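The next block holds one structure in the form of structure tokens; read it before the comments.
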Amino acid sequence: GAGVSQSPRYKVAKRGQDVALRCDPISGHVSLFWYQQALGQGPEFLTYFQNEAQLDKSGLPSDRFFAERPEGSVSTLKIQRTQQEDSAVYLCASSWRTSGYYNEQFFGPGTRLTVL
Amino acid sequence: GQQLNQSPQSMFIQEGEDVSMNCTSSSIFNTWLWYKQDPGEGPVLLIALYKAGELTSNGRLTAQFGITRKDSFLNISASIPSDVGIYFCAAPRGGADGLTFGKGTHLIIQP
């Protein structure tokens, strides 16, 4: 497909488990964003990559959250020792622009994480 | 941090009615965006606004960038069942990449 894809679409974890969420951006897109969307809320920024460089991680809520994009395409968001408050939909977005062109940010369908 | 206040929180309307929603902030922005999110999907961009006072249409949707640069409005004319969903306003995070979103307006259409 031509859009942003994310996997898995649904993930259930027991409290304390580690999880890894994958994002496949649109081919050739330079910029990649991760957002967290709690139930009934708008998406909240987590982190931003330009190619393989993580330029902004100011939105990551704790040091249990870690993101990487080693080859500048696929990205993984890892959450260690999951807590119930981590339950949310995790959205990935990509853009072929480096910055400033927000109308060209395309979102994936998200991964719904439930921590029991 | 910057906060976008959306209202109303939810709307129950009849098919064929017009819809109005808005987004306000205490901060000034150079860009306002409106997204729609369907259940189980990511947000999809509807309209982007880049200039104070700008009025932009996309089919039955019309959005305006407020003169004060602190607010924006979205109108939907002659609503149809597929308009159901959650509408978000968004603006650039001040001095950083990525977007700040409002909490959304949940639109429900009764046939």
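Residue numbers (my numbering), protein chains in the order written: chain A, 8 to 123; chain B, 169 to 279. By construction, the Cβ of each residue, glycine as well, lies at the ideal position given by its N, Cα and C atoms. Here the structure is a predicted model, which means the values were calculated and not measured.
What distance in whole Å lies between the Cβ atoms of S101(A) and P32(A), which are believed to be in contact at a cut-off of 8 Å?
-> About 3 Å separates the two Cβ atoms, so the contact holds.
Give every residue of the same chain whose Cβ lies closer than 7 Å to the Cβ of P77(A), excluding the five residues on either side of it in the sequence, and list them in chain order.
-> E59, listed in sequence order.
Counting only beta-carbon atoms, is L98(A) nearer than 7 Å to chain B?
-> Yes, L98(A) lies at the interface with chain B (some Cβ there is under 7 Å from its Cβ).
For E92(A), which of helix, strand or coil comes out of DSSP?
-> Here E92(A) sits in helix by DSSP.
Bounding residues of the beta strand (DSSP E) (the contiguous stretch that carries E222(B)) | Note, E222(B): premise wrong, no beta strand (DSSP E); not H, not E.
Using the rule of at least 16 other Cβ atoms within 10 Å of the residue's Cβ for burial, across every protein chain shown, is G227(B) buried or exposed?
-> Under this definition G227(B) is an exposed residue.
Interface residues of chain B facing S79(A) [CB-CB closer than 7 Å] = One detail in the question is off: residue 79(A) reads as Gly in this sequence, not Ser. Chain B residues near G79(A): none, gap ~16 Å exceeds 7 Å.
Buried or exposed: which applies to L223(B), given that a residue is buried once 16 or more other Cβ atoms fall within 10 Å of its Cβ?
-> Counting every other CB atom within 10 Å of its CB across the protein chains shown gives L223(B) a total below 16, marking it as exposed.
Quick check: the segment 240-253 of chain B against the segment 201-215 of chain B, are there 3 or more CB pairs under 8 Å?
-> The segment 240-253 of chain B vs the segment 201-215 of chain B: in contact.
Quick one, which of R104(A), V81(A), E111(A) has its alpha-carbon nearest C30(A)'s?
-> The residue from R104(A), V81(A), E111(A) with its alpha-carbon nearest to that of C30(A) is V81(A).
Is the CB of K219(B) under 7 Å away from at least one CB in chain A?
-> Contact with chain A is absent for K219(B), since none of that chain's Cβ atoms lies less than 7 Å from the residue's Cβ.
For a contact meaning CB atoms closer than 9 Å, what does Q48(A) contact in chain B?
-> Neighbours of Q48(A) on chain B, chain order: F269, K271, G272.
Taking any Cβ of chain B, which residues in the segment 55-77 of chain A have a Cβ under 9 Å from it, in chain order?
-> If the cut-off is 9 Å between Cβ atoms, the segment 55-77 of chain A has Y55, Q57, L62, D63, S65, G66 near chain B.
Own chain partners of S12(A) with C-beta closer than 7 Å, once the 5 adjacent residues on each side are dropped | Apart from the 5 residues on each side of it in sequence, S12(A) sits with its Cβ closer than 7 Å to the Cβ of D31, G115 in its chain, given in chain order.
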